[in-house]
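Asks: Have a look at this one.
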Amino acid sequence: MTDAHADADFDPALSVEAVSDLATRISENVERVIVGHHDAIEDIIVTLFARGHLLLEDVPGVGKTMLARAIATSIEGSFERIQFTPDLLPSDVTGVNVFNQQTSEFEFREGPVFGNVVLGDEINRAPPKTQAALLEVMEELQVTVDGVTRRVPDPFTVIATQNDVEPDRTYDLPLAELDRFMKKIHLGYPNEAEETELLGRVSGHHPIESLEPVASAGDVRDARERILDVTVSEPVRHYVSRLAADTRARADLGVSPRGSIALVRAAQARAALDARDYVVPDDVQREVRSVWAHRVRTTDERSGRDVVERALDTVAVE
2 MTDAHADADF DPALSVEAVS DLATRISENV ERVIVGHHDA IEDIIVTLFA RGHLLLEDVP
62 GVGKTMLARA IATSIEGSFE RIQFTPDLLP SDVTGVNVFN QQTSEFEFRE GPVFGNVVLG
122 DEINRAPPKT QAALLEVMEE LQVTVDGVTR RVPDPFTVIA TQNDVEPDRT YDLPLAELDR
182 FMKKIHLGYP NEAEETELLG RVSGHHPIES LEPVASAGDV RDARERILDV TVSEPVRHYV
242 SRLAADTRAR ADLGVSPRGS IALVRAAQAR AALDARDYVV PDDVQREVRS VWAHRVRTTD
302 ERSGRDVVER ALDTVAVE
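Residue numbers (the working numbering): 2 to 319.
Right under this line is the structure:
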(Lines of atoms letter the chains of each structure in order from A; the text may use other names.)
(Lines give C-alpha, C1' and ligand atoms only; values in the text may rest on other atoms or scores of the structure.)
Protein backbone atom coordinates (compact mmCIF):
# COMPACT_ATOMS: atom_id res chain seq x y z
CA MET A 2 0.00 0.00 0.00
CA THR A 3 1.37 3.39 -0.91
CA ASP A 4 1.44 6.51 1.20
CA ALA A 5 -1.71 8.58 0.82
CA HIS A 6 -0.59 12.00 2.01
CA ALA A 7 -2.58 14.74 0.30
CA ASP A 8 -1.91 17.90 2.29
CA ALA A 9 -1.75 19.85 -0.96
CA ASP A 10 -5.39 18.96 -1.57
CA PHE A 11 -6.53 20.36 1.79
CA ASP A 12 -9.36 22.85 1.48
CA PRO A 13 -8.31 25.87 3.59
CA ALA A 14 -11.92 27.06 3.57
CA LEU A 15 -13.08 24.01 5.54
CA SER A 16 -14.99 25.24 8.58
CA VAL A 17 -15.22 23.82 12.06
CA GLU A 18 -18.94 23.43 11.36
CA ALA A 19 -18.01 21.07 8.52
CA VAL A 20 -15.73 19.15 10.86
CA SER A 21 -18.55 18.89 13.40
CA ASP A 22 -20.96 17.68 10.70
CA LEU A 23 -18.42 15.08 9.57
CA ALA A 24 -18.03 13.78 13.12
CA THR A 25 -21.81 13.56 13.51
CA ARG A 26 -22.16 11.58 10.27
CA ILE A 27 -19.48 9.12 11.33
CA SER A 28 -20.91 8.75 14.83
CA GLU A 29 -24.46 8.15 13.62
CA ASN A 30 -23.24 5.62 11.07
CA VAL A 31 -21.23 3.67 13.63
CA GLU A 32 -24.24 3.64 15.94
CA ARG A 33 -26.08 1.62 13.31
CA VAL A 34 -23.77 -1.21 14.40
CA ILE A 35 -22.74 -0.34 17.96
CA VAL A 36 -25.47 0.09 20.58
CA GLY A 37 -25.13 2.13 23.75
CA HIS A 38 -21.61 3.51 23.45
CA HIS A 39 -22.11 7.03 22.10
CA ASP A 40 -19.42 8.56 24.34
CA ALA A 41 -16.88 5.88 23.38
CA ILE A 42 -17.58 6.48 19.69
CA GLU A 43 -16.98 10.19 20.20
CA ASP A 44 -13.75 9.37 22.03
CA ILE A 45 -12.55 7.40 19.00
CA ILE A 46 -13.53 10.18 16.59
CA VAL A 47 -11.69 12.75 18.74
CA THR A 48 -8.64 10.47 18.72
CA LEU A 49 -8.86 9.91 14.97
CA PHE A 50 -9.25 13.62 14.20
CA ALA A 51 -6.45 14.54 16.63
CA ARG A 52 -3.96 12.15 14.96
CA GLY A 53 -3.83 9.87 17.97
CA HIS A 54 -4.24 6.23 18.96
CA LEU A 55 -6.66 4.64 21.40
CA LEU A 56 -6.46 1.82 23.95
CA LEU A 57 -9.65 -0.06 24.84
CA GLU A 58 -9.46 -2.07 28.05
CA ASP A 59 -12.42 -4.30 28.78
CA VAL A 60 -13.76 -7.79 29.13
CA PRO A 61 -14.14 -9.93 25.98
CA GLY A 62 -17.30 -9.78 23.91
CA VAL A 63 -18.46 -6.17 24.36
CA GLY A 64 -17.94 -5.08 20.74
CA LYS A 65 -14.39 -3.69 20.68
CA THR A 66 -13.45 -5.28 17.35
CA MET A 67 -16.77 -4.39 15.74
CA LEU A 68 -16.37 -0.78 16.87
CA ALA A 69 -13.00 -0.49 15.13
CA ARG A 70 -14.36 -2.11 11.95
CA ALA A 71 -17.34 0.25 11.89
CA ILE A 72 -15.07 3.29 12.21
CA ALA A 73 -12.88 2.11 9.32
CA THR A 74 -15.88 1.35 7.12
CA SER A 75 -17.49 4.71 7.89
CA ILE A 76 -14.45 6.62 6.56
CA GLU A 77 -13.93 4.24 3.61
CA GLY A 78 -10.56 3.35 5.05
CA SER A 79 -8.61 0.12 5.01
CA PHE A 80 -9.01 -2.02 8.12
CA GLU A 81 -6.31 -4.35 9.37
CA ARG A 82 -6.44 -6.64 12.40
CA ILE A 83 -3.52 -8.04 14.36
CA GLN A 84 -4.31 -10.84 16.81
CA PHE A 85 -1.61 -10.54 19.44
CA THR A 86 -0.49 -13.90 20.84
CA PRO A 87 2.55 -15.01 22.90
CA ASP A 88 4.29 -16.40 19.78
CA LEU A 89 3.69 -13.34 17.57
CA LEU A 90 6.90 -11.89 16.13
CA PRO A 91 7.67 -8.21 15.42
CA SER A 92 7.90 -9.03 11.70
CA ASP A 93 4.34 -10.38 11.86
CA VAL A 94 3.31 -6.82 12.70
CA THR A 95 5.55 -4.65 10.53
CA GLY A 96 6.24 -6.91 7.54
CA VAL A 97 9.24 -8.85 6.28
CA ASN A 98 11.59 -9.10 3.32
CA VAL A 99 11.07 -12.34 1.40
CA PHE A 100 13.45 -13.73 -1.24
CA ASN A 101 11.85 -14.10 -4.67
CA GLN A 102 13.52 -17.00 -6.44
CA GLN A 103 12.21 -15.89 -9.84
CA THR A 104 13.79 -12.43 -9.64
CA SER A 105 16.61 -13.37 -7.25
CA GLU A 106 15.73 -10.32 -5.19
CA PHE A 107 14.23 -9.64 -1.80
CA GLU A 108 10.70 -8.22 -1.81
CA PHE A 109 8.99 -6.51 1.08
CA ARG A 110 5.68 -7.98 2.19
CA GLU A 111 3.72 -5.43 4.18
CA GLY A 112 2.50 -6.41 7.59
CA PRO A 113 -0.99 -5.64 8.87
CA VAL A 114 0.25 -2.33 10.29
CA PHE A 115 -0.16 -0.85 6.81
CA GLY A 116 -3.80 0.19 7.13
CA ASN A 117 -5.82 3.30 7.90
CA VAL A 118 -7.39 1.78 11.02
CA VAL A 119 -5.29 -0.96 12.63
CA LEU A 120 -6.86 -3.06 15.37
CA GLY A 121 -4.32 -4.54 17.78
CA ASP A 122 -6.51 -7.19 19.39
CA GLU A 123 -5.53 -8.21 22.94
CA ILE A 124 -2.23 -6.39 22.61
CA ASN A 125 -1.09 -7.41 26.08
CA ARG A 126 -1.07 -11.11 25.16
CA ALA A 127 2.20 -10.59 23.23
CA PRO A 128 5.58 -10.11 24.95
CA PRO A 129 7.06 -6.60 25.19
CA LYS A 130 9.44 -7.14 22.24
CA THR A 131 6.49 -7.69 19.91
CA GLN A 132 4.45 -4.88 21.46
CA ALA A 133 7.42 -2.59 20.83
CA ALA A 134 7.08 -3.21 17.08
CA LEU A 135 4.36 -0.55 17.19
CA LEU A 136 6.48 2.14 18.87
CA GLU A 137 8.01 3.63 15.72
CA VAL A 138 4.89 3.56 13.60
CA MET A 139 2.65 5.04 16.31
CA GLU A 140 5.00 7.98 16.78
CA GLU A 141 6.60 8.50 13.36
CA LEU A 142 3.94 7.01 11.02
CA GLN A 143 6.62 4.87 9.40
CA VAL A 144 8.11 1.39 9.58
CA THR A 145 11.80 0.58 9.27
CA VAL A 146 12.72 -2.96 8.22
CA ASP A 147 16.29 -3.95 7.34
CA GLY A 148 17.31 -0.31 7.19
CA VAL A 149 14.57 0.76 4.77
CA THR A 150 11.87 3.14 5.99
CA ARG A 151 8.35 3.04 4.58
CA ARG A 152 5.44 5.35 5.34
CA VAL A 153 2.08 3.97 6.42
CA PRO A 154 -1.18 5.27 4.93
CA ASP A 155 -2.66 8.60 6.00
CA PRO A 156 -4.83 8.72 8.05
CA PHE A 157 -3.36 6.08 10.35
CA THR A 158 -4.79 5.19 13.75
CA VAL A 159 -4.15 2.24 16.05
CA ILE A 160 -7.07 1.01 18.14
CA ALA A 161 -5.69 -1.56 20.58
CA THR A 162 -7.70 -3.74 22.92
CA GLN A 163 -6.37 -5.00 26.21
CA ASN A 164 -7.50 -8.11 28.06
CA ASP A 165 -8.01 -7.23 31.73
CA VAL A 166 -9.51 -10.50 33.03
CA GLU A 167 -6.55 -12.89 32.69
CA PRO A 168 -3.59 -11.07 34.26
CA ASP A 169 -1.62 -14.31 34.66
CA ARG A 170 -1.67 -14.83 30.87
CA THR A 171 -0.81 -11.31 29.76
CA TYR A 172 2.14 -8.90 29.76
CA ASP A 173 2.20 -5.34 31.01
CA LEU A 174 2.45 -2.74 28.27
CA PRO A 175 5.77 -0.86 28.38
CA LEU A 176 5.31 2.66 29.75
CA ALA A 177 6.77 4.11 26.54
CA GLU A 178 4.01 2.42 24.58
CA LEU A 179 1.24 3.42 26.98
CA ASP A 180 2.41 7.01 26.57
CA ARG A 181 1.85 6.76 22.81
CA PHE A 182 -1.85 6.07 23.22
CA MET A 183 -3.68 9.38 23.24
CA LYS A 184 -6.65 7.91 25.09
CA LYS A 185 -7.53 4.88 27.16
CA ILE A 186 -11.22 4.10 27.63
CA HIS A 187 -13.55 1.33 28.76
CA LEU A 188 -16.77 0.22 27.06
CA GLY A 189 -18.51 -1.74 29.79
CA TYR A 190 -21.58 -3.92 29.48
CA PRO A 191 -24.75 -2.59 27.82
CA ASN A 192 -27.81 -2.05 29.96
CA GLU A 193 -30.90 -4.24 29.56
CA ALA A 194 -32.57 -2.04 26.93
CA GLU A 195 -29.36 -1.66 24.94
CA GLU A 196 -28.66 -5.38 24.94
CA THR A 197 -32.23 -6.10 23.84
CA GLU A 198 -31.80 -3.65 20.95
CA LEU A 199 -28.46 -5.26 20.05
CA LEU A 200 -29.96 -8.74 19.94
CA GLY A 201 -32.67 -7.51 17.63
CA ARG A 202 -30.13 -6.04 15.22
CA VAL A 203 -28.01 -9.19 14.98
CA SER A 204 -30.82 -11.76 14.89
CA GLY A 205 -30.47 -11.81 11.09
CA HIS A 206 -27.53 -10.47 9.10
CA HIS A 207 -25.09 -8.49 11.20
CA PRO A 208 -25.45 -4.74 10.47
CA ILE A 209 -21.69 -4.44 9.85
CA GLU A 210 -22.22 -6.40 6.63
CA SER A 211 -24.41 -3.68 5.11
CA LEU A 212 -22.67 -0.64 6.62
CA GLU A 213 -21.74 1.95 3.98
CA PRO A 214 -19.12 4.73 4.15
CA VAL A 215 -20.34 8.22 4.98
CA ALA A 216 -16.96 9.92 4.56
CA SER A 217 -13.58 9.34 2.96
CA ALA A 218 -10.03 9.15 4.19
CA GLY A 219 -9.53 12.51 2.47
CA ASP A 220 -12.31 14.00 4.60
CA VAL A 221 -10.47 12.86 7.72
CA ARG A 222 -7.21 14.38 6.46
CA ASP A 223 -9.02 17.69 5.83
CA ALA A 224 -10.56 17.59 9.31
CA ARG A 225 -7.15 16.95 10.84
CA GLU A 226 -5.65 19.93 9.05
CA ARG A 227 -8.51 22.21 10.13
CA ILE A 228 -8.21 21.12 13.74
CA LEU A 229 -4.57 22.20 13.79
CA ASP A 230 -5.82 25.76 13.35
CA VAL A 231 -8.19 25.65 16.33
CA THR A 232 -6.91 28.36 18.67
CA VAL A 233 -5.40 27.40 22.00
CA SER A 234 -4.90 30.61 23.98
CA GLU A 235 -2.01 31.19 26.37
CA PRO A 236 -4.25 30.94 29.49
CA VAL A 237 -5.51 27.53 28.33
CA ARG A 238 -1.96 26.34 27.61
CA HIS A 239 -0.91 27.56 31.05
CA TYR A 240 -3.84 25.69 32.62
CA VAL A 241 -2.69 22.44 30.96
CA SER A 242 0.89 23.04 32.15
CA ARG A 243 -0.23 23.61 35.74
CA LEU A 244 -2.38 20.47 35.67
CA ALA A 245 0.59 18.47 34.39
CA ALA A 246 2.87 19.89 37.09
CA ASP A 247 0.34 18.93 39.75
CA THR A 248 0.34 15.29 38.60
CA ARG A 249 4.14 15.22 38.70
CA ALA A 250 4.14 16.54 42.26
CA ARG A 251 1.60 13.96 43.45
CA ALA A 252 2.72 10.78 41.65
CA ASP A 253 5.86 8.71 41.18
CA LEU A 254 5.42 9.17 37.43
CA GLY A 255 3.38 12.15 36.35
CA VAL A 256 2.24 13.28 32.93
CA SER A 257 4.99 13.72 30.35
CA PRO A 258 5.22 16.61 27.88
CA ARG A 259 3.94 14.14 25.27
CA GLY A 260 0.85 13.76 27.45
CA SER A 261 0.38 17.53 27.63
CA ILE A 262 0.61 17.77 23.84
CA ALA A 263 -1.90 14.94 23.48
CA LEU A 264 -4.34 16.73 25.78
CA VAL A 265 -4.09 19.97 23.80
CA ARG A 266 -4.69 18.11 20.53
CA ALA A 267 -7.65 16.24 21.98
CA ALA A 268 -9.10 19.51 23.29
CA GLN A 269 -8.72 21.07 19.83
CA ALA A 270 -10.60 18.15 18.29
CA ARG A 271 -13.30 18.36 20.97
CA ALA A 272 -13.75 22.07 20.29
CA ALA A 273 -14.15 21.37 16.56
CA LEU A 274 -16.71 18.64 17.28
CA ASP A 275 -18.64 21.34 19.14
CA ALA A 276 -18.23 23.64 16.07
CA ARG A 277 -15.88 26.04 17.86
CA ASP A 278 -12.58 27.29 16.46
CA TYR A 279 -11.08 27.92 19.89
CA VAL A 280 -10.44 25.77 22.97
CA VAL A 281 -12.02 26.55 26.33
CA PRO A 282 -11.09 25.05 29.72
CA ASP A 283 -14.19 22.83 29.56
CA ASP A 284 -12.65 21.06 26.55
CA VAL A 285 -9.52 20.35 28.59
CA GLN A 286 -11.54 19.11 31.56
CA ARG A 287 -13.68 16.89 29.36
CA GLU A 288 -10.69 15.17 27.76
CA VAL A 289 -8.12 15.07 30.56
CA ARG A 290 -9.25 11.87 32.30
CA SER A 291 -9.12 9.62 29.24
CA VAL A 292 -5.92 11.26 27.97
CA TRP A 293 -3.91 11.33 31.22
CA ALA A 294 -5.07 8.67 33.69
CA HIS A 295 -3.20 5.79 32.01
CA ARG A 296 0.06 7.80 31.96
CA VAL A 297 0.27 8.32 35.75
CA ARG A 298 1.94 5.82 38.08
CA THR A 299 1.83 5.67 41.88
CA THR A 300 3.22 3.22 44.43
CA ASP A 301 0.26 3.47 46.78
CA GLU A 302 -3.41 2.62 46.49
CA ARG A 303 -4.25 5.65 44.37
CA SER A 304 -4.97 5.17 40.68
CA GLY A 305 -3.85 7.44 37.88
CA ARG A 306 -7.42 8.69 37.62
CA ASP A 307 -7.37 9.62 41.32
CA VAL A 308 -4.30 11.79 40.72
CA VAL A 309 -5.88 13.46 37.69
CA GLU A 310 -9.12 14.12 39.59
CA ARG A 311 -7.12 15.67 42.41
CA ALA A 312 -5.33 17.93 39.95
CA LEU A 313 -8.66 19.08 38.52
CA ASP A 314 -9.92 19.84 42.05
CA THR A 315 -6.74 21.69 43.03
CA VAL A 316 -5.70 23.69 39.97
CA ALA A 317 -7.93 26.69 39.39
CA VAL A 318 -8.87 28.04 35.99
CA GLU A 319 -7.38 31.50 35.63
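For glycine and all other residues, C-beta sits at the position ideal for the given N, C-alpha and C.
#1: Pair every Cβ in the stretch 116-128 with every Cβ in the stretch 84-99, then say whether three or more of these pairs are closer than 8 Å.
#2: Thinking just about the alpha-carbon of each residue, which of Glu198, Val119 and Gly305 is nearest to the one in Ala245?
#3: Hey, how far is the Cα of Ile186 from the Cα of Asp40?
#4: If you draw a straight line from the C-alpha of Ser217 to the C-alpha of Ala224, how long is it?
#5: Under the DSSP definition of a beta bridge, which residues are partnered with Leu174?
#6: Looking only at C-alpha atoms, which of Gly53, Leu212 and His207 sits nearest to Ser28?
#7: Where does Asp307 sit, in a helix, a strand or coil, going by DSSP?
#8: Buried or exposed: which applies to Gln163, given that a residue is buried once 16 or more other Cβ atoms fall within 10 Å of its Cβ?
#9: Determine the closest residue to Val308 out of Arg249, Pro208 and Thr104, with distance taken between C-alpha atoms.
#10: So, under 8 Å CB-CB, Asn192 and Gly53 are touching, yes? Tell me the CB distance rounded to an integer number of Å.
#11: Rounded to a whole number of angstroms, what is the C-alpha to C-alpha distance between Gln286 and Ala317?
#12: DSSP puts Phe109 in a beta bridge; with which residues?
#13: Can you give me the C-alpha to C-alpha distance between Phe50 and Ala127, rounded to a whole angstrom?
#14: Using C-beta distances below 6 Å, list every residue in its chain close to Ala276, excluding the 5 sequence neighbours before and after it, in chain order.
#15: For the beta strand (DSSP E) containing Asn164, list its first residue and its last residue.
#16: Of all the options Phe157, Arg298, Asp247 and Ile35, which has the alpha carbon lying nearest to the alpha carbon of Pro175?
#17: Nearest CA to the CA of Pro61: which residue from Arg296, Trp293, Arg266 and Gly189?
Replies: Put simply:
#1: As far as the Cβ criterion goes, the stretch 116-128 touches the stretch 84-99, which means the pair count is three or higher.
#2: Taking only the C-alpha atoms, the option nearest Ala245 is Gly305.
#3: Their backbone Cα atoms lie some 10 Å apart in a straight line.
#4: As the crow flies, the alpha-carbon of Ser217 is around 11 Å from that of Ala224.
#5: DSSP lists no partner for Leu174.
#6: Considering only alpha carbons, the answer is Leu212.
#7: Asp307: helix per DSSP, three-state reduction.
#8: Its Cβ being crowded by 16 or more others within 10 Å, Gln163 is buried.
#9: With distances taken between Cα atoms, Val308 lies closest to Arg249.
#10: Contact flag wrong, Cβ pair sits at about 29 Å.
#11: Between Gln286 and Ala317, the C-alpha separation is close to 11 Å.
#12: For Phe109, which the question treats as bridged, DSSP gives the partners Asn98.
#13: In a straight line, the C-alpha of Phe50 is about 28 Å away from that of Ala127.
#14: The beta carbon of Ala276 is closer than 6 Å to those of Val17, Glu18 and Ser21 in its chain, skipping five residues each way along the sequence.
#15: Run containing Asn164: Thr158 to Asn164, per the beta strand (DSSP E) assignment.
#16: For Pro175, the closest C-alpha among the options Phe157, Arg298, Asp247 and Ile35 is that of Arg298.
#17: It is Gly189.
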